[in-house]
Every structure is written in C-alpha cells, then in structure tokens.
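Reviewing the structure listed below.
There are 2 protein chains.
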Amino acid sequence: MEDIVRETGVSRYGIYGTFGNKRELFEQALEEYAEGMGKRSFLRLLEPDASLDHIRTIFAERVADMSCCDESKGCLFIHTAMELAPQDEELRGVLQKFMKRMGKAFAVGLESAKARGEVRPDLEVKAAGELLTSTMFGLVVLGRTGFSRDVLDGIVESTLASFR
Amino acid sequence: MEDIVRETGVSRYGIYGTFGNKRELFEQALEEYAEGMGKRSFLRLLEPDASLDHIRTIFAERVADMSCCDESKGCLFIHTAMELAPQDEELRGVLQKFMKRMGKAFAVGLESAKARGEVRPDLEVKAAGELLTSTMFGLVVLGRTGFSRDVLDGIVESTLASFR
DNA sequence: TTTAATTCAGAATGTTCATTCTGTTTTAGT
DNA sequence: ACTAAAACAGAATGAACATTCTGAATTAAA
C-alpha cells in the first residue's frame, strides 16, 4: 500500500475510502489488467483474417517480456493463480472468466487459421485453445527460472507445429 | 519458522544452528523435495520399457493432486519459480538443474515409446521433453484457478496425441 | 558424581506492513 | 466571503514474523 500511495500520488484516505481495503483494490486492478490485456493481445484473434501468425505473435510478445529486464516477469494472472486463487473464490472466478475467454479467443483464431488452410481440418480448436492457454502459463514458469529464449521459442513452435 | 518448529519438534536453536537461516533451510528442503519427486515419478521413464503410458501416469498423478483437497495444489518447484527464482540465482540454478533433468527424462521416455511405435518416428524428443515440462507447470496454474479435471486431462491428451 | 558443553523452550527484539486516527488544508455550495 | 463537507499528509496502532537472547535442563566426559 505504501508503494501504491507513493506511485499514484493518491492518499491512503482516498484509497481506503474508495476501495475499502487492499483486497478489493486488488480485485479491481486485476479486472482492469485482464480487460486491458484482452484488448491489447487477444482481440485481434477474433478478426476474420486471424492467422497462426497472430497466435505466434502473442506468444512472441510474452517470451520477449520474459527474456528481457528483471522486472515484469510473468503477469498478474499467473501470480494471482499461484498465490491467491485457491483460497479466494471470487478471485478464482475472475481468473476463470478471463482464462476461458483467452482459450475461446485462441479457438476462434485457430478456426480462422483452419479456413486459411494453416492448420489441419480435423483439429479440435476448443481443446487446442485450452492447450494454448496452459502453454502460455507454462512458458512463464520456465521463463522465471531462467530458461533461454531459444527453449521458450522452441516450445511455442513445437506446439504450433502440432496443429498442422 | 514458527510452523516448522512446531511440526518438526526441533527447537529454533537446533534449526538455526544447523541451517543458519530460513533461506538455507529452504534451499536444502527444495533439493530434497526435487530428489524425492525425481525418484518417485521420473526414474521410471529411464527404464528401457518406458511407454507413453508412463508419461500419462505422471500427468494423471499431478492432475489428481490438483483436483482433490484444497491442500497441496501445485508443487514446491512452481512456487519457488514464481516467487523466488528471478531474484535468487542459486535457487534458480537448483530449479534449472531439476527441470532440465525432468525434460531429459521425458525425452528418454519418448525415445523408448518411439521404439515401441507409440510415437511417430520423426518426433524430436528433446523439444518434446521441454514441451512436456512446460505443460506440467501450465496444468498446475490452471488447476489452481479451479479448472475441472476434464479440462486438465484434455490438455494432457491433446499434447500426447500430437506426438503420434 | 561433578563439570563443561549442548540443547532446550520460550521471551525479547526489531522490522515490515495494513489499517486507522488526527489535525490541517482544500473544495463546493450559498 | 463563510460554512460544511471532503481530502490530505503523516503519525499511531497492532499484528505477523525472522532472528537473537536467556536461563534452565540434559547429556557426555572425567
């Protein structure tokens, strides 16, 4: 809270008055974050011209994040899932909502890719979308333990290759 | 530390005398844990008769862990990777050592499965082993956020199916 | 058995941090 | 401009917790 007061310039009074407590503030921040990252990364998968390359790019951005500075390794989703979700039903609900949306977006993107002949016709896009969601988080864990960019890229490519 | 003193029955004096501090105690616990889980789960992949089913079983055990009680969701590896690895080079080294070993074990198991004709002959087992390592952690993240056993099993099956 | 070294349980210390409180300043309505 | 409400900065409170300290109990050596 100290940090938030300093960085935002909003007083403790204001924060507690508006959000009640740290927990509530966090929940709203999480929703905001998810909404933003959905718009920034996943919306493009819903365009009719979405291709496998769109998916590749989403992963590439994440891998790039992991591999650079010490900061910003991982995302709020995975930290929340690991540290809070099992004991907090409400947060779990927020995470599930957005992760399901993520899987869905992947599935829609894959369907478009299928129409373009980039993936095999019998691919089950729903299952594949869930797999990609899981892969995203697996990558973050490996990235945090310092695995090289090459390894992370390799995992993404193997996964995408399996759709062909 | 309070909890450890209570649960082990060892006095603070003894713990600090033997391990120095919480950090050192933790590092040794992590190695112990990794060693044990390696022996319990991954050693069988090195047997010459290892099959795809051995891999499936390892994942099934993990999925079962995730889906039952509130306790024990996740493992020490992933928690350490998420919470400590980026700021602690030594722990990162420990994690990397064991995660690489894990990938290697998967690769060896896949090679045996290939000999049995269970996976396609041109599968790159090294890359596939790394992918399975990543998948393992991805599953834990989804499990923690409450995804159903069916979804988790589906991800495992899609992944294994992609090797055929 | 006596002495010296270990080990014990639990109290004391010091730090971090969320939350509340207080007295002052700013804003909005008249 | 004057009053009442809102918002401020920062101090006070209280809890959690790692680590160190203390005096008592236990063990091992003579």
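Quick mapping for you: the protein sequence lines, in order, are chains Z and F.
Converting from the first sequence to this note's numbering requires adding 23 to each position, the first position being numbered 1.
Converting from the second sequence to this note's numbering requires adding 23 to each position, the first position being numbered 1.
Built from N, CA and C at the ideal position, the CB exists for glycine as well.
All of these numbers come straight from a predicted model, not from anything done at the bench.
Residue contact with chain F for Z/R115: present (Cβ-Cβ distance below 8 Å to some residue of chain F).
Taking F/F160 as the centre and dropping the five residues before and after it, the same chain places the C-beta of I101 closer than 6 Å to its C-beta, in chain order. Within the region 135-160 of chain Z, the residues whose Cβ lies closer than 8 Å to any Cβ of chain F are, in chain order, E147, A150, A151, E153, L154, T156, S157, T158, M159, F160.
Counting other Cβ atoms within 10 Å of its Cβ, F/L66 stays below 16 and is therefore classed as exposed. Of all alpha-carbon atoms in F/R79, F/R172, F/S157, F/T168, the one lying nearest the alpha-carbon of Z/R167 is that of F/S157. The contact set of F/S181 on chain Z, defined by CB atoms closer than 9 Å, consists of E147, A150, A151, E153, L154, S185 in chain order. If you draw a 10 Å sphere on the C-beta of Z/E58, you find fewer than 16 other C-beta atoms in it, and that means exposed. Contact note: F/I178 reaches chain Z through E153, L154, S157, using a C-beta cutoff of 7 Å and chain order. At a beta-carbon threshold of 7 Å, the residues of chain F lying near Z/A104 are V164, R167, T168, ordered along the chain. With respect to chain Z, the C-beta atom of F/M122 has a partner C-beta closer than 8 Å. Annotation: the region 49-133 of chain F contains the following complete segments of the alpha helix (DSSP H) (minimum length 4 residues), in chain order: 75-90, 99-106.
Taking a contact to require three or more Cβ pairs closer than 8 Å, the region 26-38 of chain F and the region 128-140 of chain F do not qualify as touching. Secondary structure of Z/V164 (DSSP, three-state): helix. If the five residues before and after F/S34 are omitted, its C-beta is found closer than 7 Å to the C-beta atoms of V28, all from its own chain and listed in chain order. Looking only at F/G37, F/T80, F/Y39, F/M105, the smallest Cα-Cα distance to Z/L162 is reached by F/M105.
Distance from the CA atom of Z/V142 to the CA atom of Z/G116, rounded to whole angstroms, is 32 Å.
Scanning chain F for C-beta atoms nearer than 8 Å to the C-beta of Z/I101 yields M105, V164, reported in chain order.
Against chain Z, the CB of F/V174 has a partner CB under 8 Å away; the residue lies at that interface.
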